[in-house]
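Respectively, the protein sequence lines represent chains L and C. The numbering used here puts the first residue of the first sequence at 1, with every later residue one more than the last. The numbering used here puts the first residue of the second sequence at 1, with every later residue one more than the last. Ideal placement from N, C-alpha and C gives every residue a C-beta, glycine not left out. Predicted, not measured: the structure shown is a model, and the values here were computed from it.
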Amino acid sequence: MSATVSRRGFFTALGHPFHPTQRRSQSVPALKGGAPGPGDRCESGAPSQDRDGLAGNSASALTAIIQGRFCFALTSFCSVCTERCPVPGAMKKERGLPMVVPDVCTGCGICQEVCPAPRNAVLMMTRRTAPAPVPV
Amino acid sequence: MITRREFNRLAALTAATAVANARAQQAPAPAANVPVGDGITWDKAPCRFCGTGCHVRVGVKNGRVVAIEGDQLADVNKGLLCVKGYHVGLALYGKDRLTQPLLRRNGVLEPISWEEAIETIAQRIMAAPEKFAIYGSGQWTIPEGYAANKFIKGGLSNNHIDPNARLCMASAVTGYLSVFGVDEPAGCYDDLDKCDVLIMWGNNMAEMHPVLFSRVIDRRTKGEKVTLIDVGTRRTRTSEFCDHYIEFKPHSDLAIMNGIAHLLIEKGGMNAEFVARFCNFRKAPKDPAATPTAPLMGDAMTFDEYRAALSPYTPEQVEKLSGVPASTIKMLADLFANKDLRITSTWCMGFNQHSRGTNANRLCHGIHLLSGHFGRPGDAPTSLTGQPSASGTAREVGTLCHFLPGGRMILNAEHRKESERLWNLPEGRIHPKIGHHTMLMWEKFCTSADKGGDIQTLWVQVTNPGQSLPNLNKVFKPKAALPDKFLIVSEVYRTATTELADLVLPSSMWVEKNGMYGNSERRTQQWFRMVKPPGEARDDCWQMLAVARRLHDLGHLGMKDKDGKFLFTFKNDKGEEVPVWEWPRYYEINVDKSLFEEYRAFTRYKHKDLAPYNEYVKARGLRWPVVQQSDGTWRETKFRFSEFDDPYVKKGAKIQFYHSTTKDDKAQIWFAPAEKAAEEPDVEFPFWLCTGRVLEHWHTGTMTRRIPQLHAAMPHAYVEMHPEDARGKGFANGETIVVKTRRGDLKLPVWYDGRGHPPRGTIFIPFFDERMLCNELTLGDIDPISKEPDYKKCAATVMRAAVNP
Ligand code: SF4
Ligand code: SF4
Ligand code: SF4
Numbered sequence: 001m002s003a004t005v006s007r008r009g010f011f012t013a014l015g016h017p018f019h020p021t022q023r024r025s026q027s028v029p030a031l032k033g034g035a036p037g038p039g040d041r042c043e044s045g046a047p048s049q050d051r052d053g054l055a056g057n058s059a060s061a062l063t064a065i066i067q068g069r070f071c072f073a074l075t076s077f078c079s080v081c082t083e084r085c086p087v088p089g090a091m092k093k094e095r096g097l098p099m100v101v102p103d104v105c106t107g108c109g110i111c112q113e114v115c116p117a118p119r120n121a122v123l124m125m126t127r128r129t130a131p132a133p134v135p136v
Numbered sequence: 001m002i003t004r005r006e007f008n009r010l011a012a013l014t015a016a017t018a019v020a021n022a023r024a025q026q027a028p029a030p031a032a033n034v035p036v037g038d039g040i041t042w043d044k045a046p047c048r049f050c051g052t053g054c055h056v057r058v059g060v061k062n063g064r065v066v067a068i069e070g071d072q073l074a075d076v077n078k079g080l081l082c083v084k085g086y087h088v089g090l091a092l093y094g095k096d097r098l099t100q101p102l103l104r105r106n107g108v109l110e111p112i113s114w115e116e117a118i119e120t121i122a123q124r125i126m127a128a129p130e131k132f133a134i135y136g137s138g139q140w141t142i143p144e145g146y147a148a149n150k151f152i153k154g155g156l157s158n159n160h161i162d163p164n165a166r167l168c169m170a171s172a173v174t175g176y177l178s179v180f181g182v183d184e185p186a187g188c189y190d191d192l193d194k195c196d197v198l199i200m201w202g203n204n205m206a207e208m209h210p211v212l213f214s215r216v217i218d219r220r221t222k223g224e225k226v227t228l229i230d231v232g233t234r235r236t237r238t239s240e241f242c243d244h245y246i247e248f249k250p251h252s253d254l255a256i257m258n259g260i261a262h263l264l265i266e267k268g269g270m271n272a273e274f275v276a277r278f279c280n281f282r283k284a285p286k287d288p289a290a291t292p293t294a295p296l297m298g299d300a301m302t303f304d305e306y307r308a309a310l311s312p313y314t315p316e317q318v319e320k321l322s323g324v325p326a327s328t329i330k331m332l333a334d335l336f337a338n339k340d341l342r343i344t345s346t347w348c349m350g351f352n353q354h355s356r357g358t359n360a361n362r363l364c365h366g367i368h369l370l371s372g373h374f375g376r377p378g379d380a381p382t383s384l385t386g387q388p389s390a391s392g393t394a395r396e397v398g399t400l401c402h403f404l405p406g407g408r409m410i411l412n413a414e415h416r417k418e419s420e421r422l423w424n425l426p427e428g429r430i431h432p433k434i435g436h437h438t439m440l441m442w443e444k445f446c447t448s449a450d451k452g453g454d455i456q457t458l459w460v461q462v463t464n465p466g467q468s469l470p471n472l473n474k475v476f477k478p479k480a481a482l483p484d485k486f487l488i489v490s491e492v493y494r495t496a497t498t499e500l501a502d503l504v505l506p507s508s509m510w511v512e513k514n515g516m517y518g519n520s521e522r523r524t525q526q527w528f529r530m531v532k533p534p535g536e537a538r539d540d541c542w543q544m545l546a547v548a549r550r551l552h553d554l555g556h557l558g559m560k561d562k563d564g565k566f567l568f569t570f571k572n573d574k575g576e577e578v579p580v581w582e583w584p585r586y587y588e589i590n591v592d593k594s595l596f597e598e599y600r601a602f603t604r605y606k607h608k609d610l611a612p613y614n615e616y617v618k619a620r621g622l623r624w625p626v627v628q629q630s631d632g633t634w635r636e637t638k639f640r641f642s643e644f645d646d647p648y649v650k651k652g653a654k655i656q657f658y659h660s661t662t663k664d665d666k667a668q669i670w671f672a673p674a675e676k677a678a679e680e681p682d683v684e685f686p687f688w689l690c691t692g693r694v695l696e697h698w699h700t701g702t703m704t705r706r707i708p709q710l711h712a713a714m715p716h717a718y719v720e721m722h723p724e725d726a727r728g729k730g731f732a733n734g735e736t737i738v739v740k741t742r743r744g745d746l747k748l749p750v751w752y753d754g755r756g757h758p759p760r761g762t763i764f765i766p767f768f769d770e771r772m773l774c775n776e777l778t779l780g781d782i783d784p785i786s787k788e789p790d791y792k793k794c795a796a797t798v799m800r801a802a803v804n805p
C-alpha cells in the first residue's frame, strides 16, 4: 500500500506546497525561481509556525470568523476557504457567503492563511467556550 | 520606499472600499478619503490579466505601484475587480524580474549588453531572413503587434508570424468570418444586462471572466429574473449559480446544437421571416482545397437540404450521442422558440479549443439566427476572449500568418497591394504565400533543417509556449537537442520557455510602458507608462524597432520604404525625426501614438473604425466602429449590424450583414455534422482528460504565481476526479498519483470534492503550474479550418505513484 494522506494532511499540504518534505521528494520539482516560499507568504496571514502549532489542536483557543465586507465570495466568486478547510462541517455557505460553524471549527487557521482578499477576510478570534470534539 | 507589507495594506484599504461600495451600489468614496497617505498619483489602465478588460486605477508613489482599485468610471467593471485584478500591481514586483539581456554560452545564460543582444538578432536574421519567425501574443499591446507585423511582413517579406491567440481564439475567428463575413461579436457586454436567458456553452464564467459574471449575478441580487444555463462537461463554480446544469459527453456539443436546430424547424420555433430576410444556408465545401477561401465560404444549400441534413438529430438520437436527456434538448429548443425572450450565448475555450471548433462556433451562431435571437440588446451569440488583447492585437491588427492589418488577407492580391500602399512599400514587397501557423511553426522549429525544419530563428514575445503549447514533447522540447536552432525570448521572469532560450531579453511590462489593448467586446483601451522598468528591462516594441534599425544599418533593403526612408520613421511636434531606436530617446515622443495613428488607416476597410489616439486617452475604452458625428464627437457602437445602433446599416434594413460572404447582406447558417473526437477513451486509457484554468492564476501563472496571496490561495496544480472513480482506485484525497497518456506522464495530487466536479470517467488538470506541465499529456489535434488545437479532450489513465520512486 502506498502512503495515504489524511484529509487534514492533504489540505495542509495544499497550504504548504513548499514544505521541506515535499521539496526533498521528486514529486514536486524545484521552482525555476521566484515564486514565494514558506516564509514569504501574504504578510497579513498568520506566520506559518503559529499555524502549525494550532493545526490539529482541538483544544485550540481560537476560532475563525468571516468578515463579510472584505470577502470576495459574492462580488467576484472566491471559494478558497471552504474548499480548503480540513474539518468537515466547519464551514458552510449561507446565501453564497462562507460561514464558520464555531462548534466544529478547530481554529487551525488554514482558512485565514489561504484567503486571497486584499484585506484578509478571516479573523481568528479567541473563543469563549471550549470547542466540541472534532468529528472524524 | 514602500514595503510590500505597506503595499498590501494600502491596496487592501482601497480595495475594501471599492468592494463595499460596489456591493452597496452607492456612490464611490473619493480616493482622497482613503487613508493611503500623501504623494500618491493615480492613473487609469486596463487590468493586465484577462479578456474581460476591467479598468483599474493605479496608485504610484516614489516610482512604484503602491495601490490598485477598481475604476468606478469604467463601464466594464464599474469599480469591481476580481481577486487577480486587486493584486495586479504585485505582478511587477516578483523578486526575480529579468533585468539584463542574457545569452546562452556553454549551456548557461550569461549577461550581455543590449548592443550585443540586438546585434546577435540582426545577424541571425541577415543570415536567413526567410527562416526567421515571430511568435507573438494576445498580450502584445496593439502598437507592439502592429510594429512586429509591419517589420516581418512589410520589411522582411516573410509571413512567419503567429500569436498565441491561435491557441485560443482562432476558431471563433473562422466562425465569425464564415457566418458574418467579418470577425468579432456583433453584441457586447450590455447584452448581459438585458438578456432573460444566458447560456454558457462550455464556459466557466465565474472563474474565467468573474467580473462579467458578477454583472449577471448582480441583476439577480436586484431582484431581476435571469435564467442561467451551464452546458458543460464538468460541474464548475459557475454551475453552482445556474438554474440548469446540462452535462454532455465530451465533443457531443455539435449534436446538441443540431438537435436544437432540428426541433426549431420541425416544431415551428424557427423565425421564418428573419431567416428569409437575413440568412442563407451553407455546408462544408465539396473541395476544400479548390480556392483558399473555400473552407470559409462553403457551398450553398437549400433550406430543404438543410432540414434533411438535420433530420437524424432527433431528441432521442441526440440523447444517445450526448447523454443529455431528450426532454432537456426540447427545453432548450423551446427557449429559442420563444420570441419574447432575449437569449445571450457565451463561450470561450470549450468551443474554441475543439478539433471541430469552427463548426461549434458556426452551429451556435446558427441556432441564434434560425430562431431570430439576434440583433436586439440581450439577443446575441458572443465569444469571450481569454487574453486582454486577443481581439485588439491578434485579430484586429492581424498578427496571424495569413492576415494583414484590418481584416485583410495575405492570399488576396488586392489586400496586399492596399497594405503596400498604406505602408508606402514598393509593389510586391509582401510575400504572397501565407506563413506557418503556430503549431506548424513550432514543429518546423523543432525539426532539424535537413529534415525540413525550415525555421531556424524564432523570437517569442509576451507569451510562454514552453508551457502553453499542447504536446510539448513533440513541439517544444526537441529544441534542446537542436544546437543550430536559435530561440529568442522577450520576458519579464524566467519561465518554461526561457529554459530553452538562447537569448533572453528583459522586458517592461504593463504600466512600465505605454500601451493599448482591445478586449472581448471590441473595446479599445489605452494607458500611459507610470513607472520605470527594473534594471535594463526595455519595451518589447523598442526591441523590435532596434532590431529593424540595426538591419537597416546593415543594409537590409526591406527596412526601407519605396522612398528610401526607414520603415519606422517618427517625428516630434516640431517635425524633426527622432531616433527612437536609441533607448534613451524612445520616450521623447509617444511611439504608441505614432504607430496607432498609422494603423488606424487600416481599420476602415472592414468597418472597424478606430478613433484618434487622444479619444482613448479620455475614455475607459471605446467599442468600434467608433464613428465621428457631425458635431465632431466620436461615437462608439454597441450592437453591430442592427439599424438602431450601427451607423453602417442602411436606413430601413433593420439588420444588415454588410460584409456578408455571399455579398447579399445575409449571414450564413451552417450545417455541420456531429463527429467523434480525435482520441477517445478506450480500455488502456479509460478517462477523458480535460485541461483549463483556475480563478486565481492567469494562464501559465508566471505573474500570478509570484503574487503571494494568489499563490497561497492556489499553490499548485492537481488532478480533479470524481470521488467514486478515485475511491475505486483506492486514491486518498491529496495522494500523489500518476496521470498518463500516449504522449507522457505526470505526477500530481488528486483532488476530489474540491474546486470542480468532473463526472465519472473524466479528469481535469489546470495548466498554470510550470512544475506540473499538463501539456506534456495533451494531444493538441487541430481544427482543420482554424488550425487551433484541442486541449479539452484526449484519453488518459491514472495510477498509483510508486511509494519510493
Ligand atoms: S480555522 Fe476553522 S474554519 Fe478555518 S480552516 Fe480551520 S477548521 Fe476550517
Ligand atoms: S477565502 Fe477569503 S475572500 Fe475567499 S471566500 Fe473565503 S473569506 Fe471570502
Ligand atoms: S475579471 Fe479579468 S480583467 Fe477583470 S479584474 Fe479580473 S482578471 Fe482583471
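Annotated three-state conformation of R494 of chain C is coil, per DSSP. The three-state reading of DSSP puts I765 of chain C in strand, counting E and B together. Proximity of the stretch 721-737 of chain C to the stretch 758-767 of chain C meets the contact definition, three or more beta-carbon pairs being nearer than 8 Å. The secondary-structure analysis by DSSP pairs I669 of chain C across a beta bridge with C:F281. Taken atom to atom, the span from the alpha-carbon of N258 of chain C to that of V231 of chain C is near 14 Å.
Checking the 7 Å criterion, the Cβ of C401 of chain C is out of range of every heavy atom belonging to ligand 1.
Note on S137 of chain C: 16 or more other CB atoms within 10 angstroms of its CB, so buried under the neighbour-count rule. Here D230 of chain C carries a strand assignment [DSSP, helix/strand/coil]. For E69 of chain C, the enclosing beta strand (DSSP E) starts and ends at 64-70. Not one beta carbon of chain L lies nearer than 8 Å to the beta carbon of Y313 of chain C. Against R755 of chain C, the close residues of chain L are S79, E83, in the order they occur along the chain (beta-carbon pairs closer than 8 Å).
Closer than 7 Å to some heavy atom of ligand 3: that does not describe the Cβ of T524 of chain C. Taking every protein chain shown into account, the CB of T41 of chain C has fewer than 16 other CB atoms within 10 angstroms, so this residue is exposed.
Between ligand 3 and the CB of V80 of chain L, the shortest heavy atom gap is not smaller than 7 Å. For G435 of chain C, the distance from the CB to the nearest heavy atom of ligand 1 is not below 7 Å. The criterion of a C-beta distance shorter than 8 Å is satisfied by P111 of chain C and Q100 of chain C.
In terms of side-chain proximity, the C-beta atom of H365 of chain C is found no nearer than 7 Å to any non-hydrogen atom of ligand 3. Annotated three-state conformation of S507 of chain C is strand, per DSSP. In this structure K93 of chain L is exposed. Its beta-carbon is surrounded by fewer than 16 other beta-carbon atoms within 10 angstroms.
In the three-state reduction of the DSSP assignment, P46 of chain C falls in the strand class, which pools E and B. In terms of side-chain proximity, the C-beta atom of I66 of chain L is found nearer than 7 Å to a non-hydrogen atom of ligand 2. Contacts between T106 of chain L and chain C, judged by CB atoms closer than 9 Å, are missing: the closest CB pair is about 18 Å apart. Inclusion of H209 of chain C and L384 of chain C in the CB contact set at 8 Å is warranted, their separation being smaller than that value.
I256 of chain C places its beta carbon less than 8 Å from that of V318 of chain C. No Cβ-Cβ contact shorter than 8 Å links H437 of chain C with K444 of chain C. Relative to the Cα of A801 of chain C, the nearest Cα in the group C:V750, C:C794, C:G154 belongs to C:V750.
Assigned with DSSP and collapsed to three states, C690 of chain C falls in strand. Contact check for P116 of chain L against A337 of chain C fails: the beta carbons are separated by 8 Å or more. Nearest neighbour of T52 of chain C by Cα position, chosen from C:E130, C:S786, C:E643, C:A206, turns out to be C:A206. In the DSSP assignment, R219 of chain C falls within the alpha helix (DSSP H) that extends over 210-221. Separation of the CB atoms of D609 of chain C and P625 of chain C is rounded to 4 Å, and the pair is thereby assigned contact status at 8 Å. Distances taken from the Cβ of C111 of chain L to the heavy atoms of ligand 1 include one shorter than 7 Å.
Every alpha helix (DSSP H) stretch that sits fully inside the stretch 526-560 of chain C and reaches 4 residues is listed by chain position as 540-553.
Relative to ligand 2, C82 of chain C has its C-beta separated by 7 Å or more from all heavy atoms. Taking a C-beta distance under 8 Å as the contact criterion, C690 of chain C and K571 of chain C do not qualify as a contact pair. Annotated three-state conformation of E696 of chain C is coil, per DSSP.
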